[in-house]
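Novice: Each residue of the sequence shown is one higher than the one before, starting from 1 at the first, in our numbering. Just so you know, even glycine gets a beta-carbon here, dropped at the ideal spot from N, CA and C. I'd like to ask you about the structure that follows.
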Amino acid sequence: MANSRALLDGSHRVLTPEYVEFNFVIAGLFSRFLAWMLDTLVTMMLATIVITAVSVAFIAFPGFGAALGLTIWFLIDWGYGIVLEAAWSGQTIGKRALGLRVLQESGVRITWLQAVIRNLVRPVDRLPLMYGVGGAAALFTESHQRLGDLVAGTIVVRERKLTVPSGLATDAAQAALLEDPLFRQRVARISAEEEALIYSAALRREELGMEARLSLFAALAGRLIEAHDLYKPEHLSDEKLVLLVAAELSRRSAAKARPTKGRLRNMLRRTA
């Protein structure tokens with residue numbers, strides 16, 4: 001029974017320091033296998049093209065060309081997952097096509113180090129054939145983690161398509177705060193991890209009970225005020241301050257990414 005459940009999507013709960021619970025949909029083995037097949041096809045095509053070019057370039061030195069080709073194969077095999085997962089916030093071409101993403105167990109985006117670790121352990125997961133070790137580990141771990149995930153402290157989740165809440169809209173008084181250069185300057189200091197947490201709270205606030213919601217936004221607002229010296233007018237609630245910060249972060253992201261559309265939604269999905 002446990003084995004059949006592992007083939008399908010599961011769930012992963014994250015409890016914040018404020019005792020607010022967020023739920024993530026864990027990708028099952030079937031969807032991860034399909035993503036891996038697609039990634040394997042991409043890496044094989046890429047390696048074939050590069051190795052063929054190297055072989056032609058060093059046709060007069062077949063021994064050296066073969067050694068260089070083998071080295072390139074290992075670099076592509078390992079580097080593909082490391083570079084894409086780190087640069088694409090936990091996604092490869094296969095994972096993006098299947099709507100999957102690698103996150104830390106805490107629910108935030110993975111670091112470069114975690115991308116390196118989980119991919120360096122991948123050869124062990126592949127043993128003895130077709131991810132036998134990794135598949136067995138995923139079958140018997142609650143969050144379907146292969147050995148690389150367990151060592152790196154990561155999970156693979158299915159992205160949820162979230163919509164931008166109407167609460168991000170601002171009235172005239174709040175718009176004045178958004179136009180304050182000092183406010184913008186201080187929001188610019190917010191880290192990527194804090195940004196992901198702010199977006200996650202903004203999008204999922206309707207899922208929370210009132211007590212948990214008040215507690216979460218009070219903690220977030222307090223953290224922003226203390227760490228970044230943000231000014232909060234007396235009439236502004238903790239939740240509204242966080243939403244205004246989310247609106248400014250969205251504006252900054254859109255300005256950097258123009259003319260790309262849907263930038264905020266893509267940023268928010270990183271926490272899904």
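1) Mind checking Phe61: buried by the 16 CB within 10 Å criterion, or exposed?
2) What residues are listed by DSSP as bridge partners for Leu100?
3) Classify Gly132 as helix, strand or coil using the three-state DSSP reduction.
4) Is the Cβ-Cβ distance between His144 and Ile26 less than 8 Å?
5) Between which two residues does the alpha helix (DSSP H) carrying Asp180 extend?
6) DSSP on Phe64, reduced to helix/strand/coil?
7) Which word fits Phe74, buried or exposed, when buried means at least 16 other C-beta atoms lie within 10 angstroms of its C-beta?
8) Name the DSSP bridge partner or partners of Arg292?
9) By the three-class DSSP mapping on this structure, what secondary structure does Arg184 have?
10) Can you tell me whether Phe24 is buried or exposed? The criterion is at least 16 other CB atoms within 10 Å of its CB, across all chains shown.
11) When the distance is taken between beta carbons, is Ala246 closer than 8 Å to Ala212?
12) Express the C-alpha separation of Thr40 and Asn119 in angstroms, rounding to a whole number.
13) State buried or exposed for Ser250, treating a residue as buried only when at least 16 other CB atoms are found within 10 Å of its CB.
14) Please state whether DSSP places Arg189 in a helix, a strand or coil.
15) Can you look up Arg109 in the DSSP assignment and give me helix, strand or coil?
16) Tell me, to the nearest whole angstrom, how far the beta carbon of Ile155 is from that of Leu98; I am working on the premise that it is less than 8 Å.
17) With a CB to CB cut of under 6 Å and the five nearest residues on each side skipped, what residues in its chain are close to Lys261?
18) Contact defined as beta carbons within less than 8 Å: I believe Val151 pairs with Ile198. What is the distance between those atoms, to the nearest angstrom?
19) Would you be able to state if there are at least three C-beta pairs under 8 Å between the stretch 175 to 185 and the stretch 215 to 228?
20) Measure the alpha-carbon distance for Gly10 versus Gly28 and round it to whole angstroms.
21) Sorted by chain position, which residues of the same chain lie with C-beta nearer than 7 Å to Phe64's C-beta, five sequence neighbours on each side aside?
22) Leaving out five residues before and five after Arg96 in sequence, what residues of the same chain have Cβ atoms less than 8 Å from its Cβ?
23) Tell me the rounded alpha-carbon separation between Val133 and Asp229.
24) Return the CA-CA distance between Ser215 and Glu105, expressed in angstroms with no decimal places.
25) Just tell me which of Gly90, Ala192, Arg32 has its CA closest to the CA of Arg139.
26) Around the Cβ of Gly209, are there at least 16 other Cβ atoms within 10 angstroms (buried) or fewer (exposed)?
27) Rounded to a whole number of angstroms, what is the C-alpha to C-alpha distance between Ser253 and Ala192?
Specialist: Answer, in terms of the structure:
1) Mapped onto the sequence shown, residue 61 falls at position 61. It is exposed - the Cβ of Phe61 has fewer than 16 other Cβ atoms within 10 Å.
2) If you number the sequence shown from 1, residue 100 lands on position 100. Per DSSP, Arg158.
3) Locating residue 132 in the sequence shown gives position 132, counting from the first residue. Of the three classes helix, strand and coil, the one that applies to Gly132 here is helix, per DSSP.
4) Position 144 of the sequence shown holds residue 144. Position 26 of the sequence shown holds residue 26. Yes; because the gap between Cβ atoms is below 8 Å, this pair is in contact.
5) Position 180 of the sequence shown, counted from the first residue, corresponds to residue 180. From DSSP, Asp180 is part of no alpha helix (DSSP H); its letter is neither H nor E.
6) Stepping through the sequence shown from its first residue, residue 64 is reached at position 64. Helix at Phe64.
7) By one-based count along the sequence shown, residue 74 stands at place 74. Looking at its Cβ environment, which holds fewer than 16 other Cβ atoms inside 10 Å, Phe74 is exposed.
8) Outside the shown range of the chain, which is 1 to 272, sits residue 292, and nothing can be said about it.
9) Walking along the sequence shown from the start, residue 184 turns up at place 184. The answer is helix: DSSP assigns Arg184 an H, G or I state.
10) Translated into positions along the sequence shown, residue 24 becomes position 24. By the 10 Å Cβ count, Phe24 comes out buried.
11) Mapped onto the sequence shown, residue 212 falls at position 212. Mapped onto the sequence shown, residue 246 falls at position 246. Not in contact: Ala212 and Ala246 (Cβ atoms no closer than 8 Å).
12) By one-based count along the sequence shown, residue 119 stands at place 119. By one-based count along the sequence shown, residue 40 stands at place 40. Roughly 14 Å separates the two Cα atoms.
13) In the sequence shown, counting from the first residue as 1, residue 250 sits at position 250. Buried, since its Cβ has 16 or more Cβ neighbours within 10 Å.
14) Against the sequence shown, residue 189 aligns to sequence position 189. Reduced to three states, the DSSP call for Arg189 is coil.
15) For this step, residue 109 is matched to residue 109 along the sequence shown. The answer is strand: DSSP assigns Arg109 an E or B state.
16) One-based indexing of the sequence shown puts residue 155 at position 155. One-based indexing of the sequence shown puts residue 98 at position 98. So it is not a contact: roughly 15 Å between Cβ atoms.
17) Your numbering for residue 261 matches position 261 in the sequence shown. Model confidence at Lys261 stands at a pLDDT of 44, short of 50, so the residue's coordinates are unreliable; what they give is reported in the following sentence. Excluding positions up to five away in sequence, the list is empty.
18) Within the sequence shown, the letter at position 151 stands for residue 151. Within the sequence shown, the letter at position 198 stands for residue 198. At roughly 29 Å, the Cβ-Cβ gap does not stay under 8 Å, so Val151 and Ile198 are not in contact.
19) no
20) Numbered from its first residue, the sequence shown carries residue 10 at position 10. Numbered from its first residue, the sequence shown carries residue 28 at position 28. Spanning the two alpha carbons is a distance of roughly 7 Å.
21) The residue you call residue 64 lines up with position 64 of the sequence shown. Phe58, listed in sequence order.
22) Residue mapping note: residue 96 aligns to position 96 of the sequence shown, counting from 1. Here the set comprises Trp88.
23) Position 133 of the sequence shown, counted from the first residue, corresponds to residue 133. Position 229 of the sequence shown, counted from the first residue, corresponds to residue 229. Cα to Cα, Val133 sits roughly 49 Å from Asp229.
24) Counting from one through the sequence shown, the residue named residue 215 turns up at place 215. Counting from one through the sequence shown, the residue named residue 105 turns up at place 105. Those two C-alpha atoms are separated by around 22 Å.
25) Counted from its first residue, the sequence shown places residue 139 at position 139. Sequence check: residue 139 is Leu here, not Arg. The shortest Cα separation from Leu139 among Gly90, Ala192, Arg32 belongs to Arg32.
26) As a position in the sequence shown, residue 209 is number 209, starting the count at 1. Looking at its Cβ environment, which holds fewer than 16 other Cβ atoms inside 10 Å, Gly209 is exposed.
27) Residue mapping note: residue 253 aligns to position 253 of the sequence shown, counting from 1. Residue mapping note: residue 192 aligns to position 192 of the sequence shown, counting from 1. Going by the C-alpha atoms only, they are around 12 Å apart.
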